[in-house]
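Residue numbers (UniProt numbering): 1 to 202.
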């Protein structure tokens with residue numbers, strides 16, 4: 001009988017951690033695949049898509065020595081084609097994003113800041129805010145922000161959405177929270193001090 005019958009079974013080799021692949025070498029075809037994949041997952045402004053693609057171009061240039069200028073030309077050609085086909089449309093993007101941010105309680109000031117960070121032209125943002133006000137029937141100046149403040153307070157349980165016993169003690173804190181969210185004092189006070197918050201929207 002051989003000794004190896006009594007040897008403990010060999011342990012399986014430890015799995016090596018997966019090696020992270022480095023940046024891909026960009027080509028016109030690769031950038032198009034990356035652009036379409038991104039647009040399938042996210043609504044995007046022209047500036048956002050350009051930023052994503054140029055990051056890939058820059059990483060490829062650093063890792064593989066590819067021509068950054070050539071990569072930038074491919075990116076601009078893609079963007080131009082997508083704009084002409086309607087796949088990229090900053091006006092439609094602005095309208096959808098502005099409406100979405102407003103529903104979540106975004107103030108006009110906050111919406112403008114977020115859209116600027118996305119690279120959307122200020123005139124398109126103003127037009128989208130105007131269209132939103134028309135859709136909501138907000139003829140009175142500040143009504144759109146009042147609706148947003150109402151939505152924000154409801155979501156955060158501020159002011160009249162708190163238990164009655166907590167309202168007075170938390171008033172200043174709730175006003176400050178609304179101010180940090182971009183609402184002016186009058187708008188914040190109308191929401192926080194409302195006996196019936198739904199009544200002010202009627």
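Don't be surprised by glycine CBs; every beta carbon is placed ideally from N, CA and C.
Residue from the options with nearest C-alpha to residue i
i	options	result
residue 209	189, 133 and 49	Only positions 1 to 202 of the chain appear in the structure, and residue 209 is not among them; the question remains open.
residue 146	126, 32 and 102	102
residue 36	75, 134 and 132	75
residue 171	182, 194 and 181	194
residue 187	136, 91 and 148	148
residue 91	190, 45, 104 and 184	45
Cut-off 8 Å between Cβ atoms - residues of its own chain near residue i, not counting five sequence neighbours on either side
i	result
residue 43	93, 96 and 97
Alpha-carbon to alpha-carbon, residue j and residue i
i	j	result
residue 109	residue 55	29 Å
residue 41	residue 169	44 Å
residue 192	residue 143	16 Å
residue 28	residue 47	19 Å
residue 165	residue 128	40 Å
residue 69	residue 201	54 Å
residue 99	residue 199	22 Å
Residues near residue i by beta carbon distance below 7 Å, same chain, minus five either side
i	result
residue 30	24
Cβ neighbours of residue i in the same chain (closer than 6 Å, five flanking residues each side left out)
i	result
residue 160	194 and 197
Run of the alpha helix (DSSP H) containing residue i, from where it starts to where it stops
i	result
residue 194	Premise fails: residue 194 is in no alpha helix (DSSP H) and is neither H nor E.
The segment 121–129 / the segment 148–155 touching (three or more Cβ pairs under 8 Å): Verdict: no, contact absent.
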